[in-house]
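Everything on this sheet refers to the single structure shown next.
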Amino acid sequence: MAKLASRAKLPNVTGYLVGGLIIGPYLLKLIPKDVVGQMGIISEAALGFIAFSIGSEFSLKHLKQLGSGIITLTIVQALVTFAAVVVAVALVFGRSIEAALVIGAIGVATAPAATLLVIRQYNAKGPVVDTLIPVVAIDDAVGIIVFGLCMTLAKAKHFPSENVSLLMSIINPVWEIILALLIGTVLGIVLSFVAGKIKNEEELLGITIGVVLSGVALASKLNVSSLLLCMTIGAVLINLVTGSPKVFKLVDRFTPPIYVLFFTLSGADLDLNILRNVGLIGIGYIISRSIGKISGAYVGAKIIKSPPVVQKYLGITLLPQAGVAIGLSLVAQKVLPEFGASIRTIVLFSTLIYELLGPVLTKIALVKAGEIDISKSRAISNIELKAKAQN
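Position in the sequence shown counted from 1, then plus 31, gives you this note's numbering.
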């Protein structure tokens, strides 16, 4: 299915999702529903490694080079997107505030791989591309942080206790986040120390895998965010070890099979019966998120006084959504099962739509921005986009 998706100029992740949907318990039934449910450890591991990889974007040196302007733009577009989705879900569709907060947080995440491959394929250059690359590099990290905050708030509201005071209902979510960051920092320091001593790549890879999986296990045991915890491990490593990029490259060579299983199982878990019930809200999510991304990028670019072409076209290039969003929906389904299945179905449905249209819209935006040579674009219009959207 991935090869068929590639031939159709679609990201591989779309092929994995569709393939999983076809062989899953709701169509061909080649994979029973109980088997899909028993494979949760693969999804947990995949999420841990995705978050660990995102942590590498938090190099202090790199963030200083980007400057405060890009960070401001990224945060503004994330918050506007979050607000747009929350308002749509809570007010327009009448869902609970817990569900609205979680869906809004998931809406912040993007899928940069397909977008960056379009840039490379057409050798796009200009102010939009110069702004886009650093924004997508840190956008998922912002999304994970927002999601961590919203999940803890949603849990506090969804599982209230008569014996817990209002103050404690505020402190508990904050404590969960702090605990995840503290454990991630400790594990990151341990991994950094070991990485600085070991030269053998196989040993280094084995220890890194062990540390990340330990983080996932501890997060599950202590009921804190594994995404925040593992992202912190990666962030600590990238800042403490000079040769840490080698560690991330080793992990990148190990994780593709896990990601394939993760996306395929995610597709198999797509309940088409639920899809019929949440069809309108699914479309509403896509529309509100798109409005949020486009308007948020415009406002953020306006604030930092980016060129008009950036203000106009940047948001369109931020629409694709895949791996991280799917992972966040899995966490939501596990922690808030009452409406987690609906959230997951909405996200999987929107992922298929965004991954089908995202690269095409990105190309159109860059052409209109004058950053793709139209004559060259026509000359290579038959080149496949071989997108491997692993974010």
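Glycine included, C-beta positions come from ideal geometry on N, C-alpha and C.
Which class does residue i belong to by DSSP, given the choice of helix, strand or coil?
i: Ile72; result: helix
i: Ile22; result: Past the edges of the chain, shown from 32 to 422, lies residue 22, and the structure says nothing about it.
i: Val49; result: helix
i: Gly157; result: coil
i: Leu350; result: coil
i: Phe124; result: coil
i: Gly215; result: helix
i: Ala142; result: coil
i: Leu229; result: Per the sequence shown, residue 229 should be read as Ile rather than Leu. Of the three classes helix, strand and coil, the one that applies to Ile229 here is coil, per DSSP.
i: Ala420; result: Per-residue confidence for Ala420 stands at a pLDDT of 44, beneath the threshold of 50, marking its modelled position as unreliable; the derived number appears in the next sentence. In the structure shown, Ala420 sits in coil (DSSP, three-state: anything other than H, G, I, E or B).
i: Gly274; result: coil
i: Ile302; result: Here residue 302 turns out to be Asp, not Ile, going by the sequence shown. It is coil, neither helix nor strand.
i: Ile175; result: helix
i: Val67; result: helix
i: Leu35; result: helix
i: Glu193; result: Unreliable positioning characterises Glu193 in this predicted model, as indicated by a pLDDT of 44, which lies under 50. A coordinate reading is not provided.
Looking at the secondary structure, which residues open and close the alpha helix (DSSP H) in which residue i lies?
i: Glu233; result: 232-253
i: Leu258; result: 257-271
i: Ala119; result: Counting along the chain, Ala119 falls outside any alpha helix (DSSP H), and DSSP gives it neither H nor E.
i: Ser321; result: 310-334
i: Thr295; result: 287-299
i: Glu88; result: Premise fails: Glu88 is in no alpha helix (DSSP H) and is neither H nor E.
i: Gly138; result: 128-139
i: Lys60; result: No alpha helix (DSSP H) holds Lys60; DSSP gives it neither H nor E.
i: Ser360; result: 354-366
i: Pro339; result: 339-344
Between residue i and the ligand FAD, is the CB less than 7 Å from at least one heavy atom?
i: Gly51; result: Among the components modelled here there is no ligand, and therefore nothing to report on the ligand FAD.
Is there at least one Cβ from chain C nearer than 8 Å to residue i's Cβ?
i: Ile164; result: Here chain C cannot be found, since the structure has a single protein chain.
Original post:
Would you say the segment 51-71 touches the segment 126-134, given that touching needs at least three Cβ pairs under 8 Å?
Top reply: With a cut-off of 8 Å, the segment 126-134 and the segment 51-71 do not count as touching, because too few Cβ pairs lie within range.
Original post:
When the Cβ atoms of the segment 208-225 are set against those of the segment 261-270, are three or more pairs found closer than 8 Å?
Top reply: Three or more beta-carbon pairs separated by less than 8 Å link the segment 208-225 to the segment 261-270, which places the two stretches in contact.
Original post:
Can you find at least 3 beta carbon pairs, one from the segment 93-113 and one from the segment 248-263, that sit closer than 8 Å?
Top reply: Fewer than three Cβ pairs drawn from the segment 93-113 and the segment 248-263 lie within less than 8 Å of each other, which leaves the two stretches out of contact.
Original post:
Any chance the segment 113-132 sits against the segment 353-373, with 3 or more Cβ pairs inside 8 Å?
Top reply: Contact between the segment 113-132 and the segment 353-373 is present: three or more C-beta pairs spanning the two stretches fall below 8 Å.
Original post:
Is the segment 81-93 in contact with the segment 166-173, if contact means three or more CB pairs nearer than 8 Å?
Top reply: These segments touch.
Original post:
Are at least three pairs of beta-carbons, each pair with one atom in the segment 99-114 and one in the segment 149-158, less than 8 Å apart?
Top reply: Taking 8 Å as the limit for Cβ pairs, the verdict is that the segment 149-158 does not touch the segment 99-114.
Original post:
Just checking, does the segment 371-391 make contact with the segment 314-322 on the three C-beta pairs under 8 Å criterion?
Top reply: Verdict: yes, contact present.
**OP:** Take every Cβ of the segment 247-255, pair it with every Cβ of the segment 290-310, and state whether three or more of those distances are shorter than 8 Å.
**Re:** Fewer than three Cβ pairs drawn from the segment 247-255 and the segment 290-310 lie within less than 8 Å of each other, which leaves the two stretches out of contact.
Original post:
When the Cβ atoms of the segment 226-239 are set against those of the segment 338-346, are three or more pairs found closer than 8 Å?
Top reply: Contact fails between the segment 226-239 and the segment 338-346, because fewer than three Cβ pairs, one in each stretch, are under 8 Å apart.
Original post:
Is the segment 115-127 touching the segment 277-296, taking contact as three or more C-beta pairs under 8 Å?
Top reply: Because the criterion of three Cβ pairs below 8 Å is not met, the segment 115-127 and the segment 277-296 do not touch.
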